[in-house]
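Right, one structure below, let's go through it.
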Amino acid sequence: VVGVVGFLQGEAAAAKCLAASGLKELNPAELYPVTRFLAMSAEATWLLKPQLGDWAQSLRYTGTQATVDFLASMFGRELMQAAGRNPRKMLQHIVENYRVAVSYGERGVLWTGDHSARFVMRRDFMPAPYHEGVLQAALEAVGAQDIQVHGRQLSLLDTEYDVSW
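According to the UniProt record's numbering, the sequence shown is numbered sequentially starting from 1.
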């Protein structure tokens, strides 16, 4: 999140984003409480909104870039290797990776066709547009074409995403 803001808005904006979380610096090897991530994301959305158009587009962009950055990491490269060039495997492995990466919520995939699924998130703190960006970028990374991701906020912490390619 801080990297996206720094890239688009400069170092002063990135520092504001980091300060909103109460941190002075980020350690890529450390896991942080979701409250810090939420504070950073809220500030990032506020800072990026004028440039990207609106709140939803800012969240979508942040989710996309978070996925691109994750896939470039050691863990992300393992995910890419496990998924191969298969969008179905990618979605299934995303479920497993969330289970390892975060201590809250549940995620699952319901297959609705050969090239479509409903990705379900329960008790997740990020709004639907953020995860639309995450899922879009993950499917692009495995070479899926004609990707469509449509999220629906079912309640404050529950969302579903109709995904096709």
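Positions of the beta carbon are idealized from the N, C-alpha and C atoms, including for glycine.
These numbers come from a predicted model, not from an experiment.
For residue i: DSSP bridge partner residues
i	result
T159	M121 and Q153
Q145	In DSSP, Q145 forms no bridge with anything.
Cα-Cα separation between residue i and residue j, rounded to whole angstroms
i	j	result
A15	W46	14 Å
Q65	T35	20 Å
V142	G76	12 Å
L91	L18	30 Å
T112	G22	42 Å
D114	K89	12 Å
A44	E160	24 Å
Y61	W55	10 Å
P87	P50	33 Å
G10	V4	9 Å
A83	L31	24 Å
M74	Y98	15 Å
G6	L135	23 Å
E140	A39	28 Å
V100	R107	12 Å
A20	G53	22 Å
S116	W165	7 Å
Q153	F37	20 Å
R85	A144	8 Å
For residue i, three-class secondary structure by DSSP
i	result
S164	strand
G6	helix
P28	coil
V34	helix
L23	coil
Rounded Cβ spacing between residue i and residue j (contact assumed at less than 8 Å)
i	j	result
L157	F125	7 Å
Q138	I94	First, the amino acid is wrong: residue 138 is Ala here, not Gln. Going by Cβ atoms, the distance from A138 to I94 rounds to 6 Å, so yes, they are a contact pair.
L59	Y130	4 Å
residue 189	R118	Nothing can be reported for residue 189, as the shown portion of the chain is limited to 1 through 165.
L8	L48	6 Å
Residue i: CB within 8 Å of a non-hydrogen atom of the ligand GTP
i	result
P129	Ligands are entirely absent from the displayed structure, and the ligand GTP is therefore not among its contents.
Report task. Go through the region 58 to 135 residue by residue and report every complete run of the alpha helix (DSSP H) that reaches 4 residues or more, in order. Result -> DSSP runs (the alpha helix (DSSP H)) wholly in the region 58 to 135: 74 to 83 and 87 to 101.
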